[in-house]
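The structure appears below as structure tokens.
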Amino acid sequence: MLSELKAYEALDAVLDLLRQDEKLLDYWLSDGLTEDVWKIIFTLGQDRLDILRDFILEEGNDTYARTSISQAVTQIALHFPERREEVIQWYYIILNYFLEHKESDGINDTSLIGLMVCDLLELKAYELEETIVKIYQSGLADTECAGFLDEVLEDLHSKQNTADIRKLPSIEEVYKHFSDWERSIERKSKAILKNEKNRIDYPSLPVIYKNTGRNEKCPCGSGQKFKKCHGKNFI
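Following our numbering, the numbering of the sequence shown begins with -3 at its first residue and continues without gaps.
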């Protein structure tokens, strides 16, 4: 709603929410933190890149909250090509700050930096190749997020992959998305409750049965797979 109203003055409040701990963010935002929050930041933070930069560099902020900021800024450059140089400079300042403080565990987050490298590949930010190489040489990027350096450099200069300029949904589309998601959660919850009611409790097995394979029949004789019977106590 804030995004739809273009309530730019609410950006600080949104960022304060994103400063909360991982458990709160996961409880209230769940997958929306990585799938939807960037859209709000894209709208409300377009003209406040300095505030967004400070949020990413702020020690203690959640990895995925900071990643949503990076996603938004990448999309700003893709939607408004005339702002590409400004966004490249934004990333340059952040990455070099990480390099300058590479010994500080409280500031550097290898998962965050790896995911930011993915955003740079999306942007085809070849201007930052030298900085990206330094990031890898310093061991600051999680290779499970972005891949190894040779792969990154190949993707950076590849002309085969086109940029993913993401669509900003209307308020009606957002409402439908969350309504569908809510119905899906309700169906899953009902299925879980049904399974719990139909579950048969069997006596505990000796410790020796901990080595039974997940998909083997449970030694108690129920006929069920171990993972769906007493294996629940061990797996």
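C-beta: ideal position from N, C-alpha, C; glycine also.
Simplified DSSP state of K186, which is helix, strand or coil: helix
Exposure label - G41; buried when at least 16 CB within 10 Å: Buried is the call here.
Contacts around S66, its chain only, beta-carbon distance under 6 Å, and the 5 residues preceding and following it disregarded: M112, D115
Pick from K224, T70, I90, G56 that is closest to N191, judged by C-alpha positions: That would be K224, whose Cα lies nearest to the Cα of N191.
Rounded separation between L145 and R179 - CA only: 42 Å
Proximity below 8 Å, CB of L124 to CB of Y87: yes
Three-state secondary structure (DSSP) of K224: DSSP places K224 within a helical segment (H, G or I) once states are collapsed to three.
Assumed close pair I37, A68 - CB separation to whole angstroms, cut-off 8 Å: That pair is a contact at about 4 Å.
Distance CB(T59)-CB(D8) smaller than 8 Å: no
K19 in three-state terms, based on DSSP: helix
Cβ-based burial, T158 [other Cβ within 10 Å; buried from 16]: When all chains shown are included, T158 counts as exposed.
Candidates E96, L20, D43, E168: closest to Y4 by CA position: D43
Contained beta strand (DSSP E) runs [length at least 3] in the region 63 to 126, N- to C-terminal order: Runs found: none.
Contact under 8 Å by Cβ, R62 with I52: yes
N- and C-terminal bounds of the alpha helix (DSSP H) containing C141: 139 to 142
Span separating the alpha-carbon of Y23 from that of D17: Rounded to the nearest angstrom, the two C-alpha atoms are 10 Å apart.
Beta-ladder partner(s) of M213, from DSSP: The identity of residue 213 in the sequence shown is Lys, whereas the question assumes Met. For K213, which the question treats as bridged, DSSP gives the partners K221.
Reference F174, options D27, I131, L13, L14, closest by Cα: D27
Distance between G219 and G227 (C-alpha atoms, nearest Å): 13 Å
8 Å Cβ shell around Y122 - same chain, five flanking residues per side excluded: Hits under 8 Å: L152, H153.
Three-state class that DSSP yields for K130 in the structure shown: helix
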